[in-house]
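Novice:
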Ligand code: C2E
Ligand code: MG
Ligand code: MG
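In this note's numbering, the protein residues as written are 42 to 826.
This is how it looks when you write it as structure tokens:
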């Protein structure tokens with residue numbers, strides 16, 4: 042249940058879904074990579090611009106601090122030099138000057154002049170007047186030279202100033218300068234306290250100028266590195282410690298040192314401005330959200346787009362897969378692919394191709410390829426002495442006749458029925474393959490190691506196979522009888538051989554079985570090879586012989602009065618070394634390799650030329666010349682045209698030409714042959730049915746064909762009067778001929794007794810040694826004279 046659910050909804054169940062998912066993932070990956078790249082570039086740019094902004098803020102703070110303090114220092118120095126130069130004795134007036142300065146510049150908390158021994162004698166608002174400040178650092182340092190001090194909490198002035206809302210004391214920054222008279226003697230120290238809050242203002246106003254509005258923090262350290270200003274969250278105690286522990290991932294920080302080049306005393310403060318990295322890079326987060334949205338859209342678009350396109354692209358594959366599912370080879374035999382774990386069309390097609398490559402679609406048996414693999418395995422097993430093996434090639438007898446007469450559908454049914462009958466005979470570990478039209482191969486392994494016993498086992502199996510053909514096969518249209526010829530070979534006889542050699546051996550053995558009358562088992566032996574080679578050599582010699590070494594022999598055909606009515610043309614092969622070769626020997630070979638077509642053409646041309654040359658002879662112009670025509674010749678699509686051409690080319694009278702067909706000619710493609718006969722008949726050509734009585738002609742055939750003559754086979758004539766059965770066959774043939782209005786001729790008439798008996802039975806045309814043996818034209822003509 043669960044598995045079925047997964048199969049149904051798995052994105053991998055179909056090629057189309059797989060494509061879509063793959064492209065969706067591709068789209069997402071592409072989006073992620075683009076996001077990464079953009080972030081990388083953005084981070085670099087944002088960091089740089091944030092750093093620039095911080096740097097400019099730090100610079101501005103440092104500059105403003107330096108500038109302001111320098112100005113304050115100058116102011117204090119100016120008043121100091123004024124006091125020194127004018128020897129101001131009027132402290133009231135001096136206080137007024139200091140008050141006005143303080144009012145003009147609210148940074149000042151207090152300005153005061155003290156005597157060289159540290160007693161304040163003039164001060165803003167009169168504060169600390171008369172108070173001894175000799176212990177204060179500003180006085181001590183200021184007496185030595187220009188002084189600029191670090192911030193400190195209010196001490197002496199504390200009681201005059203209001204504390205902050207939080208109760209904190211005012212913090213001051215001290216500026217002091219020695220006051221010297223014209224002669225350079227120190228007459229006092231002028232000191233000023235600047236409100237430390239002023240630094241906060243400088244910082245705030247600098248921050249207000251920032252273009253970026255992200256929050257930043259400012260830290261200020263004095264020359265020693267101690268923090269003068271730092272956020273309460275800062276844990277480092279001083280600049281040095283901060284430098285050691287600074288966290289670059291958390292903060293983007295810039296450092297700027299103040300410098301007052303024109304001032305005699307330099308502050309050397311360090312301004313640190315920093316911004317949280319997350320704040321500085323916050324646009325990246327926004328961008329990321331956008332990009333992720335885009336990525337999701339991209340993935341979806343790719344997936345949906347591919348789903349649409351793939352629908353068309355993979356359609357042929359899906360169709361192929363459906364066809365593969367329905368293929369006959371997927372049900373009934375072996376694995377059923379439709380039910381197997383195949384939900385992907387490519388896998389299905391792949392398996393289908395695999396099956397097609399290894400199995401015969403009609404019978405479901407393994408094919409030649411697999412057979413070769415198994416055979417190779419059996420041969421290896423033989424080499425490592427794991428028992429003997431045997432190979433049997435089963436070739437159905439006359440299958441092509443059934444195929445041609447009953448149709449291929451019936452042929453297919455028979456093959457399937459044969460496969461079904463052979464399958465149960467297969468022993469464990471053996472193989473049954475279909476290797477050709479009507480050929481099946483058994484590979485038997487694990488037979489007895491003794492060659493004699495193994496041969497006995499294999500022969501017994503061959504006879505079981507042979508027996509299995511005895512019962513008729515039940516086909517759709519009814520029962521069908523069929524025999525088989527079997528070729529067998531034992532693997533121990535050729536342990537080192539190749540697979541193809543073994544197959545050739547069984548083919549040879551089958552050939553031998555066919556040639557010796559079919560429906561039997563022949564075991565391969567080495568002489569077969571030699572016989573085959575001899576056959577091949579014979580065939581080659583025949584090829585070389587046609588038509589130069591061929592001769593035409595004539596045998597007379599006579600009527601009841603022994604008057605010649607014509608002759609049968611019989612081919613002869615005058616071999617340069619072997620002498621005269623009988624047509625009975627070479628015609629079957631020529632029929633097999635197709636040479637018969639050339640021979641037939643040559644014979645027909647000879648006959649027509651001869652007819653033409655006798656045209657003016659008052660007697661011979663009446664003679665009819667018979668030419669034997671084989672099935673192969675008649676099967677040629679252009680046979681009718683060829684005959685017409687020869688007739689036209691030689692100018693022979695078609696009425697004087699008779700074509701002798703055997704019943705076997707009719708076995709294949711009856712309809713086609715009958716049609717051709719009618720076309721030739723229309724020209725005037727006659728037909729005789731040769732060797733009549735030996736084949737399987739039925740009356741219905743005879744009625745359809747434009748036959749002129751039946752030729753009683755010489756085998757019946759030979760035993761005429763001796764064998765009762767032959768006499769009755771001859772009588773029947775004659776009666777048949779008469780009833781169909783055909784003339785009847787007997788061949789192989791050797792004696793007067795035979796002739797008399799035939800005449801008595803009603804046959805009045807004869808051919809045979811009694812009238813003349815086949816002979817070359819001159820001998821034939823002379824013999825008649
Ligand atoms: P077939 O057409 O039945 O020819 C008759 C055969 O009987 C001939 O044998 C002939 O010599 C032989 N014969 C005739 N009278 C007698 C007789 O009184 N006694 C005996 N014992 N035999 C007699 P042949 O010439 O050896 O030809 C054998 C077969 O070869 C022919 O049988 C025919 O089927 C085939 N053949 C011969 N020439 C040709 C040809 O040009 N084309 C084709 N397709 N087949 C041919
Ligand atoms: Mg003949
Ligand atoms: Mg004959």
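Glycine included, each C-beta is placed from N, C-alpha and C at the ideal position.
Between which two residues does the alpha helix (DSSP H) holding residue 328 run?
Specialist: For the purposes of this step, residue 328 is taken as the residue at position 287 of the chain shown. That run of the alpha helix (DSSP H) goes 323 to 354.
Novice: What does residue 245 pair with, by DSSP beta-bridge criteria?
Specialist: Taking the first residue of the chain shown as position 1, residue 245 is located at position 204. BP columns for residue 245 are empty, so no partner.
Novice: Taking the straight line between their C-alpha atoms, what separation do you get for residue 203 and residue 150?
Specialist: Here residue 203 refers to the residue found at position 162 of the chain shown. Here residue 150 refers to the residue found at position 109 of the chain shown. Near 12 Å, if we compare the C-alpha coordinates of residue 150 and residue 203.
Novice: With residue 649 as the anchor, note down where its alpha helix (DSSP H) starts and where it stops.
Specialist: If you number the chain shown from 1, residue 649 lands on position 608. Counting along the chain, the alpha helix (DSSP H) containing residue 649 begins and ends at 636 to 654.
Novice: State the beta-bridge partners of residue 194 as determined by DSSP.
Specialist: Within the chain shown, numbered from 1, the residue matching residue 194 stands at position 153. According to DSSP, which records beta bridges pairwise, residue 194 is partnered with 212.
Novice: Pull up the distance between the alpha-carbon of residue 707 and that of residue 465, whole angstroms please.
Specialist: For the purposes of this step, residue 707 is identified with residue 666 of the chain shown, where counting begins at 1. For the purposes of this step, residue 465 is identified with residue 424 of the chain shown, where counting begins at 1. Between residue 707 and residue 465, the C-alpha separation is close to 37 Å.
Novice: Quick check: does the Cβ of residue 856 come within less than 7 Å of any heavy atom belonging to ligand 3?
Specialist: One cannot answer for residue 856 here, as it falls past the ends of the chain, which runs 42 to 826.
Novice: Would you please state the rounded distance, in angstroms, between the beta carbons of residue 270 and residue 260? I believe it to be under 8 Å.
Specialist: Taking the chain shown and counting its residues from 1, the one referred to as residue 270 is at position 229. Taking the chain shown and counting its residues from 1, the one referred to as residue 260 is at position 219. So it is a contact: roughly 6 Å between Cβ atoms.
Novice: Taking 7 Å as the cut-off, is the CB of residue 674 close to at least one heavy atom of ligand 2?
Specialist: For this step, residue 674 is matched to residue 633 along the chain shown. No, the beta carbon of residue 674 sits no closer than 7 Å to any heavy atom of ligand 2.
Novice: Just to confirm, are residue 315 and residue 292 a CB contact at a threshold of 8 Å?
Specialist: Numbered from 1 along the chain shown, position 274 holds the residue referred to as residue 315. Numbered from 1 along the chain shown, position 251 holds the residue referred to as residue 292. Cβ distance < 8 Å, so residue 315 and residue 292 count as in contact.
Novice: Do residue 163 and residue 197 have their C-beta atoms within less than 8 Å of each other?
Specialist: On the chain shown, residue 163 is found 122 positions in, with the first residue counted as 1. On the chain shown, residue 197 is found 156 positions in, with the first residue counted as 1. Cβ distance not < 8 Å, so residue 163 and residue 197 don't count as in contact.
Novice: Residue 677 to residue 632, Cα distance in whole Å?
Specialist: Within the chain shown, residue 677 is the residue found at index 636, counting from 1. Within the chain shown, residue 632 is the residue found at index 591, counting from 1. Whole-angstrom Cα-Cα distance: 13 Å.
Novice: In chain order, what residues have a CB nearer than 5 Å to some heavy atom of ligand 2?
Specialist: This criterion selects 669, 701, 731.
Novice: If you count every other CB in all the chains shown that lies within 10 Å of the CB of residue 528, and 16 or more means buried, which is it?
Specialist: Sequence index remark: in the chain shown, residue 528 carries index 487 (1-based). The residue in question, residue 528, is buried, as its Cβ has 16 or more Cβ neighbours within 10 Å.
Novice: From the DSSP output, which residues share a beta bridge with residue 521?
Specialist: Walking along the chain shown from the start, residue 521 turns up at place 480. Bridge partners of residue 521: 514.
Novice: At what residue ranges does the stretch 583 to 640 contain a whole run of the beta strand (DSSP E), taking only runs of 3 or more?
Specialist: The qualifying runs are 591 to 599, 605 to 616, 620 to 622.
Novice: How would you label residue 649, buried or exposed, when you count the other beta carbons within 10 angstroms and need 16 or more for buried?
Specialist: For the purposes of this step, residue 649 is taken as the residue at position 608 of the chain shown. Under this definition residue 649 is a buried residue.
Novice: Residue 703 and residue 731: beta carbons closer than 8 Å?
Specialist: Here residue 703 is taken as the residue at index 662 of the chain shown, counted from 1. Here residue 731 is taken as the residue at index 690 of the chain shown, counted from 1. Closer than 8 Å, so yes.
Novice: Can you say whether residue 61 is buried or exposed, counting buried as having 16 or more other CB atoms within 10 angstroms of its CB?
Specialist: As a first step, residue 61 must be located in the chain shown, where it is residue number 20. Buried is the call here.
Novice: Report yes or no: do the stretch 642 to 659 and the stretch 683 to 691 share at least 3 C-beta pairs separated by less than 8 Å?
Specialist: Result yes; three or more Cβ-Cβ pairs closer than 8 Å.
Novice: Beta-carbon within less than 7 Å of residue 286's beta-carbon, same chain only, minus the 5 sequence neighbours each way: which residues are those?
Specialist: Reading the chain shown from its first residue, position 245 is the one you call residue 286. 277, listed in sequence order.
Novice: Bridge partners of residue 400, per DSSP?
Specialist: Position 359 of the chain shown, counting from 1, holds the residue named residue 400. DSSP, once it has assigned bridges, lists 407 as partnering residue 400.
Novice: Just the Cα atoms here: how many angstroms apart are residue 618 and residue 777?
Specialist: Position 577 of the chain shown holds residue 618. Position 736 of the chain shown holds residue 777. Between residue 618 and residue 777, the C-alpha separation is close to 46 Å.
Novice: With DSSP as the reference, label residue 756 as helix, strand or coil.
Specialist: As a position in the chain shown, residue 756 is number 715, starting the count at 1. The answer is helix: DSSP assigns residue 756 an H, G or I state.
Novice: Between residue 329 and residue 94, is the Cβ-Cβ spacing less than 8 Å?
Specialist: Residue 329 sits at position 288 when you count from the first residue of the chain shown. Residue 94 sits at position 53 when you count from the first residue of the chain shown. In this structure, residue 94 does not lie closer than 8 Å to residue 329 by Cβ.
Novice: Can you look up residue 465 in the DSSP assignment and give me helix, strand or coil?
Specialist: Taking the first residue of the chain shown as 1, we reach residue 465 at position 424. Helix.
Novice: Going along the chain, which residues of its own chain have a beta-carbon closer than 8 Å to the beta-carbon of residue 410, five neighbours each way excluded?
Specialist: Translated into positions along the chain shown, residue 410 becomes position 369. Only 398, 399 meet the Cβ criterion.
Novice: Count the other CB atoms within 10 Å of the CB of residue 442; is the residue buried (16 or more) or exposed (fewer)?
Specialist: Working through the chain shown from its first residue, we reach residue 442 at position 401. Exposed is the call here.
Novice: Taking 8 Å as the threshold (C-beta atoms), are residue 790 and residue 801 in contact?
Specialist: Position 760 of the chain shown holds residue 801. Position 749 of the chain shown holds residue 790. Cβ distance not < 8 Å, so residue 801 and residue 790 don't count as in contact.
Novice: In the DSSP assignment, find the unbroken alpha helix (DSSP H) run with residue 693 in it and report its ends.
Specialist: Numbered from its first residue, the chain shown carries residue 693 at position 652. Note, residue 693: premise wrong, no alpha helix (DSSP H); not H, not E.
Novice: From the DSSP secondary-structure annotation, give me the bridge partner or partners of residue 531.
Specialist: In the chain shown, counting from the first residue as 1, residue 531 sits at position 490. Answer is 431.
Novice: Evaluate the contact criterion for the stretch 214 to 232 versus the stretch 59 to 76: three or more CB pairs, one atom per stretch, below 8 Å.
Specialist: No: the two stretches stay apart, fewer than three of their Cβ pairs being nearer than 8 Å.
Novice: Check this for me: beta carbons of residue 120 and residue 142, under 8 Å apart or not?
Specialist: For the purposes of this step, residue 120 is taken as the residue at position 79 of the chain shown. For the purposes of this step, residue 142 is taken as the residue at position 101 of the chain shown. Cβ atoms of residue 120 and residue 142: closer than 8 Å.
Novice: Check whether the Cβ atoms of residue 592 and residue 613 lie closer than 8 Å to each other.
Specialist: In the chain shown, the residue the question calls residue 592 occupies position 551. In the chain shown, the residue the question calls residue 613 occupies position 572. Yes.
Novice: Use the C-beta contact count for residue 322: other C-beta atoms within 10 angstroms, 16 or more gives buried, fewer gives exposed.
Specialist: Along the chain shown, one-based indexing puts residue 322 at 281. Per the 10 Å Cβ criterion, buried.
Novice: Can you tell me where the alpha helix (DSSP H) with residue 711 in it begins and where it stops?
Specialist: Numbered from 1 along the chain shown, position 670 holds the residue referred to as residue 711. First-last of the alpha helix (DSSP H) with residue 711: 711 to 722.
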